[in-house]
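Engineer: This is the structure I have questions about; it appears just below.
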Amino acid sequence: MKSRIDTRKFNCVSRRELLKLAPVVALGAFAIPKLQKPLLRAGLGFSDWASAKLFRSGHLAPTFVDSELTPFNRFPINDYDVDDPEIDFDRWTLTVTGAVQRPGDYTLAQIQALPKVRQNTRHVCVEGWDVIGRFGGVRLSDFLKTIGADPGARFITVECADDYYESLDIATALHPQTLLCYEMYDAPLTREHGAPLRLNIPTKVGYKQAKYLTDLKVTDVLEKVGYWEDQGYAEFYGL
Amino acid sequence: MSTQTIVIENTKTGEVTEAVYEHPFVVRFCHWLNAVSLFVMVGSGLQIFRAFPSFGAKIPQKDLLHWPKAFAIGGWLGGALQWHLTFMWIYIGTGLLYLGYQVFSGNYKQVLFAPRDIPGVWPMIRHYFLFAPKPPVREAYNPLQKHAYTSAVALGVLSVATGFAVWKPVQFSWLAWMMGGFHLARLWHFLIMWAMLALVFGHLVMVVLHGWNNFVSMLTGWKKDPEYISK
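If you read the protein sequences in the order shown, they are chains A and B.
Numbering of the first sequence is given in this note's numbering, commencing with residue 54 and proceeding in unit increments.
Numbering of the second sequence is given in this note's numbering, commencing with residue 7 and proceeding in unit increments.
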């Protein structure tokens, strides 16, 4: 049962079908300079929201046997400014502020008094390379208990000796593999790798794992997110 | 599923042509949406690749190729990631809409490559590449076409799976493990992109060879003077 129509009517039908595709043209909004930035921000924000949803507190990052470790001299040294911000180790303390019961300056010895954890985990850089390293330190969750952090707080922020700064969602901060790290490959952190104290977070991308820590704050509000995040990188970037 | 066919009569000349409604709206909609998002995903993906153009160690780093910035999207790594992490949702959404439609409408039957299509593959290859005579047209899509469009869907699924293994190697550690770990998952993700680009290239060659009416049918759904009309 084939219906017959004339050319004009057929063109009319065709045009109508073509116009139905108009919503695809809406993607052209991404090409408009004024709209591009907010649209991409929204897209990245959605990805961050999904990342936070996908994060599972009890799910551990894969760990590796010693033979799978990347040799220490092939563990890249990444910084945004200087390899060595020339910290005076004798006078160094971690300054704790914010929603905590026991704020103040904590020495490395005080931090090292907490139970020690060692783990062989993968370090993934946003650029795409990855290495497997051996890290030692104390659980950030143990340290947060020590300082009496408000269990309802939303974020941890850190400041670094090289003016780098970062922030961490509380769920990741409390993850059992999130460390205040003072050792790599069973030796004290070298200056280039963030001595005397850095973050080691196997559930996060590399740029979240700040080095040369000097300040730690427990807070509900983020005035700034992180050095790279504030230039357009993802805020959550959980692996 | 019966395909709609109409007869078009030119009122001036009395000439008569047939047209068949070959591509349902959802298929056309997904096709063009996917064309845009695939373009953005490849362009931004190549800019991301530029940040570490290697699949080996970081130290010492041996670059695989230096992709020109002019053929990439995003300008820098952070910008490219914004494009990639935005359009991946459009890409995934389009894929789900397409697959959902194909399954629920039954339209997949005319395009899904099935075991019974295997015998027809070689004669089509001989026709396309070795100038053998064209096998008789018995369906809307020939066995090689079905193979191509089914492969496209498979590559789409694999691109998303490898992408998730690269994006979330911890939360989807089982997925990354299946691909040989994060490091290799990144390589698979890259190789699947090239497989897709090869498919797109072949697709575009065929589009050019099959002429205007065939191209228009992906816009309006209607194909004039079709090779095959369902009874």
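Ideal Cβ placement from N, Cα and C applies to all residues, glycine included.
These numbers come from a predicted model, not from an experiment.
Checking the sheet assignment: what are the DSSP bridge partners for tyrosine 27/B?
Structural biologist: Trp228/B
Engineer: Quick check on the burial criterion: 16 or more other C-beta atoms within 10 angstroms. Buried or exposed for glycine 247/A?
Structural biologist: With at least 16 other beta carbons inside 10 angstroms of its own, glycine 247/A counts as buried.
Engineer: Of all Cβ atoms in chain A, is any one closer than 8 Å to the Cβ of glycine 85/B?
Structural biologist: So yes, glycine 85/B belongs to the interface.
Engineer: In the DSSP assignment, find the beta strand (DSSP E) that holds tyrosine 235/A and state where it starts and stops.
Structural biologist: 232-237
Engineer: How should glutamine 172/A be labelled, buried or exposed, when 16 other C-beta atoms within 10 angstroms of its C-beta is the threshold for buried?
Structural biologist: buried
Engineer: When you compare only the Cα positions, how much space is there between alanine 146/B and phenylalanine 58/B?
Structural biologist: Approximately 45 Å, taken between the alpha carbons.
Engineer: Residues of the segment 250-261 of chain A in Cβ contact with chain B at a cutoff of 8 Å, in chain order, please.
Structural biologist: Pro255 and Thr256
Engineer: Roughly how many angstroms lie between the CA atoms of leucine 80/A and proline 91/A, to the nearest whole one?
Structural biologist: Taking C-alpha positions only, leucine 80/A is separated from proline 91/A by approximately 14 Å.
Engineer: Would you mind listing the alpha helix (DSSP H) stretches within the segment 75-105 of chain A that are 4+ residues and don't spill past its ends, in chain order?
Structural biologist: 75-78
Engineer: Threonine 267/A: which of Thr256/A, Leu252/A and Glu276/A sits nearest, CA to CA?
Structural biologist: Ranking Thr256/A, Leu252/A and Glu276/A by Cα distance to threonine 267/A puts Leu252/A first.
Engineer: Classify alanine 146/B as helix, strand or coil using the three-state DSSP reduction.
Structural biologist: Residue state for alanine 146/B is assigned as coil, using DSSP reduced to three classes.
Engineer: Suppose contacts are defined by Cβ-Cβ distances below 8 Å. Is glutamine 53/B in contact with glycine 80/B by that definition?
Structural biologist: Taking 8 Å as the Cβ cut-off, glutamine 53/B and glycine 80/B qualify as a contacting pair.
Engineer: What does the Cβ neighbour count give for tyrosine 52/A, buried or exposed, with the cut at 16 atoms within 10 Å?
Structural biologist: Residue 52/A falls outside the range modelled here, since chain A spans only 54 to 292, and no answer is possible.
Engineer: Since I believe alanine 171/B is in contact with glutamine 182/B (beta carbons under 8 Å), could you give me their beta-carbon distance rounded to a whole number of angstroms?
Structural biologist: The residue asked about is misnamed: residue 182/B is alanine in this sequence, not glutamine. Right, the Cβ-Cβ distance comes to about 4 Å (below 8 Å), so this counts as a contact.
Engineer: Hey, which unbroken runs of the alpha helix (DSSP H) at 4 residues or more fall wholly within the segment 119-176 of chain B?
Structural biologist: Fully enclosed alpha helix (DSSP H) runs of 4 or longer: 124-136 and 149-173.
Engineer: Are the C-beta of tyrosine 286/A and some C-beta of chain B separated by less than 8 Å?
Structural biologist: yes
Engineer: From what residue to what residue does the alpha helix (DSSP H) around glutamate 235/B run?
Structural biologist: Per the sequence presented here, residue 235/B reads as isoleucine, with glutamate not at that position. Run containing isoleucine 235/B: none; DSSP gives neither H nor E here.
Engineer: Label methionine 7/B either buried or exposed according to how many other C-beta atoms from any shown protein chain fall within 10 Å of its C-beta, with 16 as the threshold for buried.
Structural biologist: Note that methionine 7/B has pLDDT 41, beneath the 50 cutoff, so the model's placement of it is unreliable and no number is given.
Engineer: May I ask you to report which of helix, strand or coil DSSP gives tyrosine 159/A?
Structural biologist: strand
Engineer: Taking the beta strand (DSSP E) that valine 271/A belongs to, which residues open and close that run?
Structural biologist: 266-272
Engineer: Pick helix, strand or coil for threonine 60/A, following the three-state DSSP scheme.
Structural biologist: Helix at threonine 60/A.
Engineer: Closer than 8 Å by beta-carbon distance: list the chain A residues that pair up with serine 165/B, in chain order.
Structural biologist: Residues of chain A passing the Cβ test: none, with the nearest at roughly 16 Å.
Engineer: Quick one, are the C-beta atoms of valine 211/A and alanine 263/A less than 8 Å apart?
Structural biologist: Closer than 8 Å, so yes.
Engineer: Using beta-carbon positions only, say whether valine 211/B and phenylalanine 221/B come within less than 8 Å of one another.
Structural biologist: no
Engineer: Since histidine 29/B and serine 223/B should fall inside the 8 Å C-beta cutoff, what is the C-beta to C-beta distance between them, to a whole number of angstroms?
Structural biologist: 6 Å
Engineer: Are the CB atoms of threonine 114/A and phenylalanine 289/A nearer to each other than 8 Å?
Structural biologist: The sequence as given places alanine at residue 114/A; threonine does not occur at that position. No, Cβ-Cβ distance for alanine 114/A and phenylalanine 289/A is not below 8 Å.
Engineer: Using a Cβ-Cβ distance under 8 Å, would lysine 73/A count as near chain B?
Structural biologist: yes
Engineer: Counting only beta-carbon separations shorter than 8 Å, does serine 110/A have a partner in chain B?
Structural biologist: no
Engineer: Taking a cut of 8 Å between CB atoms, which residues from the segment 152-184 of chain A lie near chain B?
Structural biologist: Those would be Arg175, Val177, Cys178, Val179, Glu180, Gly181, Trp182, Asp183 and Val184, in chain order.
Engineer: Any beta-carbon of chain B closer than 8 Å to the one on alanine 114/A?
Structural biologist: yes
Engineer: Measure the Cβ-Cβ separation of proline 149/B and valine 127/B and say whether it is below 8 Å.
Structural biologist: yes
Engineer: Suppose the cutoff is 6 Å on Cβ atoms and the five residues either side in sequence are ignored; what does the same chain contact list for phenylalanine 119/B look like?
Structural biologist: Lys152, His153 and Thr156
Engineer: Distance check for methionine 202/B and leucine 193/A, CA to CA, integer angstroms please.
Structural biologist: 44 Å
Engineer: For a contact defined as C-beta to C-beta under 8 Å, what are the partners of alanine 76/B on chain A?
Structural biologist: Correct list: empty, because the minimum Cβ distance to chain A is about 17 Å.
Engineer: Within 10 Å of its beta-carbon, does valine 26/B have 16 or more other beta-carbons around it, so buried, or fewer, so exposed?
Structural biologist: buried
Engineer: Give a yes or no on whether 8 Å exceeds the smallest Cβ distance from threonine 60/A to chain B.
Structural biologist: yes
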